[in-house]
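Protein chains in written order, with the working numbering: chain A, 189 to 341; chain B, 69 to 441; chain C, 33 to 386; chain D, 7 to 164.
Beta carbons: idealized from backbone N, C-alpha and C, even for Gly.
Heads up, the thing below is written out as structure tokens.
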Amino acid sequence: MTNQSLQELIGSWSPNLEFNEEGSQYLNVSVPPEELHAIMLNLKQNEQTSLDYLFCLSGVDWGEELGVVYHLESTEFRHSLVVKTQTSDRENPILDSVYDIWATAEFHEREVFDFFGIRFSNHPNLKRLFLTDEWEGFPLRKDYEDNINMIIK
Amino acid sequence: METTTLNSNFKSEEYFINMGPQHPATHGVLRLLLTIDGEIIKKVEPDLGYIHRSIEKMCERDSYQQIVHLTDRMDYLSANINNEAVCLTVENALQLEIPDRVKVIRTIIGELTRISSHCLWWGVMGMDVGALTTYFYGFRDRELLNDIFEETCGARLTMNYNVPGGLMFDIHPNFVKRVKDFIAHFKTKLPEYDRLLTDNIIFQKRTKGVGILSKEDAISFGASGPVGRASGYSCDVRKHHPYSALDKVTFNEALKTEGDTFARYSVRIQEMWESLSIVEQLIDNIPEGEHRVTTKAVIKLPKGEFYQKVETARGELGVYIISTGTKSPYRLKFRSPGFSNLSLLNHIAVGGKIGDLVATMATLDLVIPDIDR
Amino acid sequence: MNSALSITKNIHDWLYEIMPEGVANIVEMVLIALVYLGIFAIAGLFLVLLERRVAAWFQLRIGPNRVGFKGLLQTMADAIKLLSKELTGTEKADKLLYNLAPYFVIISSLMALSVFPFTREFQAFDINIGIFFLIAISSIGVIGILLGGWSSNNKFAMIGAMRSGVQTISYELSIGLSLLTMVIITGSLQLSEIVEVQKSGWLIVQGHIPAVIAFMIYMIAGTAETNRAPFDMVEAESELGAGFHTEYSGMKFAYFFLAEFINMFIIAAIATTVFFGAWLSPFGITESIPVLGVFWFLLKTLILVFLMMWFRWTFPRLRVDQLLTLEWKYLLPINLVNIVIMALLVWHNLTISF
Amino acid sequence: MSYFSDIYNGIKTLLTGMSVTGKYFLTSRKGAITQQYPDNRETLKMFDRFRGEVIMPHDENNEHRCTGCQKCEIACPNGTIEIIWDRGIDENTGKKKKKIDQFVYHLSMCTMCGLCIDVCPTDAIEWGQNFENSVYDRTALTRVLNNPGSKLQAGVED
């Protein structure tokens, strides 16, 4: 499927999606957190999109908001899509887990929780993955400070 | 983790052991929390982070040239391919035209790296199932490759040979001859690998029908590399998204459908043959030309998001750079193959015995720094 | 009951002169025990060295070559190091059993050595149930392993010990049955008698096909008995770390280690005695010099030991259930049929003898 | 019947495996891949490009090629290189000029990435082939690369 037809198809599902193709080789779509799980489920199950391969799940600290970027690919049609979602609640950010759609998300979401502190609702085992349980703060956030271990050039 | 909370979840006959972080089969500092019933595995829970160096955070303060050398330290067995991934991302973002010579050399070295990584894996795989001698035979052949790398790149493991814009220096005059010698040597040794280990009845009994991963699960768990291909899932980035000179060569994607440990093993053995054939196709045709395009001393990527995937020895490595136009990336994420491959360990190891877990883990070919980054 | 080479005879006479008969007997026994202990402690060390050199040659390495001439003293140095090491253990170990276990293992393997006919007159204890004694003694060692694994209060050790129990109990059958197959020919359990019978041809020749099958089964089961690769479930370093001796250090560990090698020697020595004519030289070429019997015995034993090392450095390890499948589904049925065939052969006088 | 053919095939594969190791056993003397390291020190030579440590070659007049431009210091990802510099009077022109006082190299922090040597415009530093870097005190790993009293080679800056 071309990006154009993907955009048309997905755009018809919900009015709250924003599409963007600038500065990226993939089609980007921004999804509001409330609709994330439904849209994602559709993306995987819809026969025309069939985006069954979540090849990258990254947390991003956009400065104000905390977001997650999902890179999806269809192993059948070989088209790709980037789904972005973000939340402006830095104290207690909560997004929906997609581990039930793509099993690999379980580990990736734990990694994002570990480094960005984004909580994923419905996640079966959301706890620190790399860091110790007692670790304070979320290191990959831009406002994280650690005067002992971090050397800023 | 407290023992009390664990005990309350246990049935009376189950118990819990700690495999790692210092355990011979985990090849590094991976810790597996195993729940076992007798010999049968009920649950595997990986505990990571023993060698986490926060490379992604370090990248946010480093220049693009400096990032490359950090990737050596992720999946150190395919260091060159990791370097290439970052360089390709930066070059694509800058829209640099890379000379053909560079592309071909990168591909040759990448495939040699893959062979070298698989040699080590083969040795270690044998060791994990108890045949200690394979370890030395695998290392013997890998040593020749390391010498080739050392002569050209100056280092045996963490080469840092690629720079954004090309290669740090041209190949050594002996390179072509040495590679040809290696190909001739290795073609006589690969059948020996089969005779010693692959055909062995004990080995086949140990691996066939163990740790089965279906194609649907492979895709869902984001398996890539030999792990995915053994389940019949065609996921070779070199085929689907060719980079460097890989669009100029013909090779078969090693595919198996069984999805068990033996299939993963055979895929890797077959990949060594394929890599040899790729190198053979290219080694005589290295085009003349520059080995490097001059870039600015301070590379600034345009504003935007860039993603590049390459096929390392372990699977699909993704480099995701978000740039705001400064000299360092705003966010850099490495999608490491080992991390996704590890996430399916619990899925395929449950129900097997301890010995099965070790064999399965060996064919996942985990490199812990790649997972921990 | 004691050997009667001239030196030992002199000592024997002298002892009887200076003390009453009962005391002299005891002193004599102690002396013989000490001699055996000394010889086999050192022989065990050299077996370890041999194993390391052989492994190195299989693996394109050089092996230990620094301590002493060509590394001959390497294992001596290791033994001294182990002797001087601190004995550590787990806090919650069952202290008595934990300390007792290594001695079970080492004593049972040393005891087995006493009955071997190294040459015509060099045999400490020619008991008339020789083979039976050997089989019985060699299976005591597993108690030590079980005790060690259980008492050290470590789960890895525990798994290793349990595996060992399963393994030894199963393979004990095959060892016994394959030896019994040969006993049918000899008609005696006494080792000296078994050797006598072989003067008209080694048993592996006399019993031809069933004997070869019995020998193969014996070697497989024997390798399993000694817990060596490809049957090293017990220690399986890539699975269990070190298995049952995870928590042992220093000399206690050394006992386990030494016992493994002496056991290997014993298994090979039994095979030599039962299948390959013990100290008999091939075709009787050195019949006139009885002392050379020791040479032939050791040579045959070492060749078999080498075979076991070859197995170890070539094959992958079996899984624990496959280990049992091999025994109960393959070795045991074949063995039973083999015994019947052998009995028929002997009944109809179809054995080959010169 | 497959029971017996299984046994036959199994034993055959085992013997094939043993023939492989057996072959190496017999040829072990010439096939050994062990390098007996401290013994072969005399003959052990590293490749030209081997990255052992960063060195600064001096010519016979005790002159080096480092202008103190600090490009290497900026390129280094780990802060391995520190250049302590000074402004001295050039004897020929009489102008004030930047020159290095000490080129400090912390080997303990070096990851051998080669970026410093790559950026150096005057080829003042290069790779040394020494790989025996173990010392008893880690302060010995901090080195000053320019010799005492050395100065800049003439003509490098042009």
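Using 9 angstroms as the threshold, is the C-beta distance between residue i and residue j below it?
| i | j | result |
| --- | --- | --- |
| Lys316 (chain B) | Leu344 (chain B) | no |
| Asp240 (chain A) | Ile416 (chain B) | no |
| Ile9 (chain B) | Gly419 (chain B) | Residue 9 (chain B) lies beyond the stretch modelled for chain B, which goes from 69 to 441, so this question has no answer here. |
| Lys104 (chain D) | Gly74 (chain D) | yes |
| Phe234 (chain B) | Val361 (chain B) | One detail in the question is off: residue 234 (chain B) reads as Gly in this sequence, not Phe. Contact flag set, yes. |
| Arg260 (chain C) | Gly423 (chain B) | no |
| Ala133 (chain C) | Leu290 (chain C) | no |
| Leu158 (chain D) | Arg71 (chain D) | yes |
| His352 (chain A) | Asp302 (chain A) | Lying outside 189 to 341, the shown extent of chain A, residue 352 (chain A) is not represented and no answer is given. |
| Asp438 (chain B) | Arg399 (chain B) | no |
| His259 (chain A) | Gly386 (chain B) | yes |
| Glu124 (chain B) | Lys364 (chain B) | no |
Under a Cβ-count criterion, where at least 16 other Cβ atoms within 10 Å of its own Cβ denotes burial, should residue i be classed as buried or exposed?
| i | result |
| --- | --- |
| Lys245 (chain B) | exposed |
| Ser140 (chain D) | exposed |
| Arg57 (chain D) | buried |
| Met76 (chain C) | The identity of residue 76 (chain C) in the sequence shown is Gly, whereas the question assumes Met. When all chains shown are included, Gly76 (chain C) counts as buried. |
| Gln42 (chain D) | exposed |
| Asp45 (chain C) | exposed |
| Thr71 (chain B) | At Thr71 (chain B), the pLDDT of 46 sits below 50, so the modelled position is not reliable; the number obtained from the coordinates is stated separately. With fewer than 16 Cβ atoms within 10 Å of its Cβ, Thr71 (chain B) is classed as exposed. |
| Ile201 (chain C) | exposed |
| Val369 (chain C) | exposed |
| Met69 (chain B) | Any reading at Met69 (chain B) needs caution, since the residue's pLDDT is 41, under 50, leaving its predicted position unreliable; the model's value is listed next. The residue is exposed, with fewer than 16 neighbouring Cβ atoms inside 10 Å. |
| Ser11 (chain D) | exposed |
| Ala430 (chain B) | buried |
| Gln163 (chain B) | exposed |
| Ala146 (chain D) | exposed |
| Asp140 (chain B) | buried |
Please confirm whether residue i has its beta-carbon closer than 9 angstroms to some beta-carbon of chain B.
| i | result |
| --- | --- |
| Glu83 (chain C) | no |
| Leu350 (chain C) | yes |
| Ile89 (chain D) | no |
| Ala81 (chain D) | yes |
| Arg57 (chain D) | yes |
| Ser246 (chain A) | yes |
| Tyr214 (chain A) | yes |
| Leu20 (chain D) | yes |
| Tyr258 (chain A) | no |
| Met228 (chain A) | no |
| Asp249 (chain A) | yes |
Can you find a C-beta in chain D that's less than 9 angstroms from the C-beta of residue i?
| i | result |
| --- | --- |
| Trp345 (chain C) | yes |
| Cys155 (chain B) | no |
| Leu336 (chain C) | no |
| Cys221 (chain B) | yes |
| Arg174 (chain B) | no |
Should residue i be listed as close to the ligand FMN, given that the test is whether its C-beta is under 8 angstroms from any heavy atom?
| i | result |
| --- | --- |
| Val231 (chain B) | Of the ligands one can find in the structure shown there are none, so the ligand FMN has no counterpart to examine. |
Verify the CB distance criterion: does residue i have a CB-CB separation below 9 angstroms to chain A?
| i | result |
| --- | --- |
| Ser292 (chain B) | yes |
Should residue i be flagged as near chain C, meaning a C-beta pair shorter than 9 angstroms?
| i | result |
| --- | --- |
| Met24 (chain D) | yes |
| Arg332 (chain B) | no |
Can you find a CB in chain G that lies within less than 9 angstroms of the CB of residue i?
| i | result |
| --- | --- |
| Asp129 (chain D) | In the structure shown, chain G does not exist; the protein chains are A, B, C and D. |
The stretch 326–337 of chain C touching the stretch 307–317 of chain C, judged by at least three CB pairs closer than 8 angstroms: yes
At least 3 beta-carbon pairs within less than 8 angstroms: the stretch 330–346 of chain C vs the stretch 189–197 of chain C: no
Uninterrupted beta strand (DSSP E) stretches inside the stretch 23–87 of chain D (no shorter than 3 residues): 59–61
Three-pair Cβ contact test at 8 angstroms for the stretch 114–131 of chain C versus the stretch 142–155 of chain C: no
Segments of 4+ residues assigned as alpha helix (DSSP H) that fall wholly inside the stretch 261–338 of chain B: 269–275, 283–288, 294–297 and 305–308
Three or more C-beta pairs below 8 angstroms linking the stretch 145–162 of chain D and the stretch 261–274 of chain B: no
The stretch 304–321 of chain B in contact with the stretch 277–285 of chain B per 3-pair CB rule at 8 angstroms: no
At least 3 beta-carbon pairs within less than 8 angstroms: the stretch 372–382 of chain B vs the stretch 285–303 of chain B: yes
Beta strand (DSSP E) runs contained entirely in the stretch 254–325 of chain A, provided each spans 3 or more residues: 254–261, 268–275, 282–284 and 307–309
The stretch 319–338 of chain A contacting the stretch 260–272 of chain A, beta-carbon criterion three pairs below 8 angstroms: no
In chain order, each alpha helix (DSSP H) run of at least 4 residues that lies wholly inside the stretch 244–327 of chain C: 269–272 and 282–307
Any 3 or more C-beta pairs closer than 8 angstroms across the stretch 43–51 of chain D and the stretch 343–363 of chain C: no
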